[in-house]
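Note sheet for the following structure.
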Amino acid sequence: MTPTLLIVDDEKATRDGLRSALEEDFDVFLASNHKEASALLKAESIDLLLTDLRLGGDSGMDILDEVLAMEKPPVAIMMTAYGSVDTAVEAMRRGAWHFVTKPLNLDEVEMLLKRAMRSQQLETENRQLREQVPDPAGLGRLTGKSAGIKRVIDTVKQVAPTRATVLIEGESGTGKEVVAHAIHQISGRPAEKLVIVHCAALSPQLLESELFGHEKGAFTGASQRRIGRFEQADGGTLFLDEIGEIDATTQVKLLRALSERTIERVGSNAPVKIDVRVLAATNKNLAALVEAGDFREDLYFRLNVVRIDMPPLRQRAEDIVLLSGGFLKEFAEENGRPVKPLTDEALALLRRHPWPGNVRELRTAIEHGVVMSNDPVIDVKHLPDSLRGDSPAPQPATGRKIALAGPPEFNLHALETQAIRTALSEAGGNRTHAAELLGISRRTLQRKLKDLGE
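Now the structure itself:
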């Protein structure tokens, strides 16, 4: 579902501008004062609140206090003028998630809102994990009877009680984060924090600050000290997802953290001791990245103390029925509906499908079936069109074929250069889209363009 965002500002131009910039990603509600905001908070289920601190005769602090008193409060981000940063810091002490200063940078606001939403989701998931009655093995949603998943479960049980760093490799959607949760759950540290960082979602500077923290004044906008994820996870587990996307500078600092069990905040030379179990995951082949010079060999060996290879769902077809049963129960409960069985035809369709999106795609398909069925069962007609062949199924994230202009030139460098330029042309110059067409990360594309002098 699209997250809901309430924007509170007494300036109409600011409200309208923010709505125009954010309505593609959020279901936006607008209010100009405390009274309007309060009415919307009571009438709508609001996920995120973006409010100015000064609202004419009203105060954003009053809205913050009202929000924090709610049973399920939205994540609150405060807007303030440069001269009121101290007030914004006070708002964070009282429970605001973050603040931004005016004049607003819309890209920064959008990024901050998405991070806030992801942070709330992770906090909810971690709370639900803690509240669950543990299964006998403590493995949560890591389940199956195929040979591949049994090997994974055996390795998880063997490595979890140790301090060894674990590298989890596998295609997108195979359940690498589920493995990380399972390792943490039976690690001997389940009562401590499991802190998750999605490395590809942040720019190099932001990722460095996110991991290691920063001191006040370390860079423009660093108005106070920030404690990084390593320190937040002290005594517990840190899960670094999409580790293959981190830049060279962060790789060096991460290597030191793993080797010496100390970190330095950005803008400081003072070492901070940490006691953190590190798990890492990637949908790339890190050994190949090392060979290509895109990833440090010494860091790779530090991460790859124990490697777990997650099998794609197409290699564990015997697990589809078991996984589907768990998802049927989960989404029936979530949507207030009875648990309905899948028909034989629907099960046969699930077994035949190649599952390019792996377990994540199966989970989405079952949720679709639960929501769309008004019958006593879930049949083929209730499943997504892509499974029935009514629309093309998504392809694995390995890029698509790009038609190259002109006769082939059997020179690897020339072919790569032509492919990059063709992808950029098809993407209208959008480098993110071009990288998707090529099946590489945006950072790799940028490096290759730099090598080409473009």
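Here the sequence shown is numbered in this note's numbering, starting from 6 and rising by one per residue. C-beta atoms are modelled at their ideal positions from N, C-alpha and C, and glycine is treated no differently.
The Cβ-Cβ distance between Lys289 and Gly249 falls below 8 Å. Burial is judged here by how many other beta carbons sit within 10 angstroms of a residue's own beta carbon; Gly233 has at least 16 and is buried. Within the same chain, Cβ atoms closer than 7 Å to the Cβ of Leu388 are found at Ala351, Leu354, Ala370, His373 and Gly374, the five residues on either side in sequence being excluded.
Residue nearest to Ala253 within the set Ala275, Tyr305 and Phe235 is Tyr305 (criterion: CA-CA distance). For Ala152, there is no enclosing beta strand (DSSP E); the enclosing alpha helix (DSSP H) covers residues Ala152 to Val164. In this structure, Leu10 lies near Leu55, with their beta-carbon atoms less than 8 Å apart.
Counting along the chain, Glu215 sits inside the alpha helix (DSSP H) bounded by residues Pro209 to Phe217. The segment 95-104 and the segment 31-39 do not touch, with fewer than three beta-carbon pairs separated by less than 8 Å. Annotation: Val164 to Asp384 spans about 41 Å, alpha carbon to alpha carbon.
In the assembly as shown, Lys77 is an exposed residue. Its beta-carbon has fewer than 16 other beta-carbons within 10 Å.
The segment 270-287 makes contact with the segment 165-172: 3 or more CB pairs, one atom from each, lie closer than 8 Å. In the three-state reduction of the DSSP assignment, Thr106 falls in the strand class.
Within the model, the alpha-carbon separation for His219 versus Ala227 is close to 8 Å. In the DSSP assignment, Ile188 falls within the unbroken alpha helix (DSSP H) covering Lys181 to Gln190. For Lys40, the enclosing alpha helix (DSSP H) starts and ends at His39 to Ala48. Under DSSP, Phe31 takes part in no beta bridge, so it has no partner. In the three-state DSSP reduction, Lys278 falls in the strand class (E or B). Taking 8 Å as the cut-off, the beta carbon of Ile82 is found no closer than this to the beta carbon of Ala42.
Boundaries of the beta strand (DSSP E) around Asp314: Val311 to Asp314.
For Ile251, no beta strand (DSSP E) run applies, since DSSP gives it neither H nor E. Contact annotation: the segment 176-191 does not touch the segment 290-298, with fewer than three C-beta pairs closer than 8 Å. For His203, the enclosing beta strand (DSSP E) has its first and last residue at Leu199 to His203.
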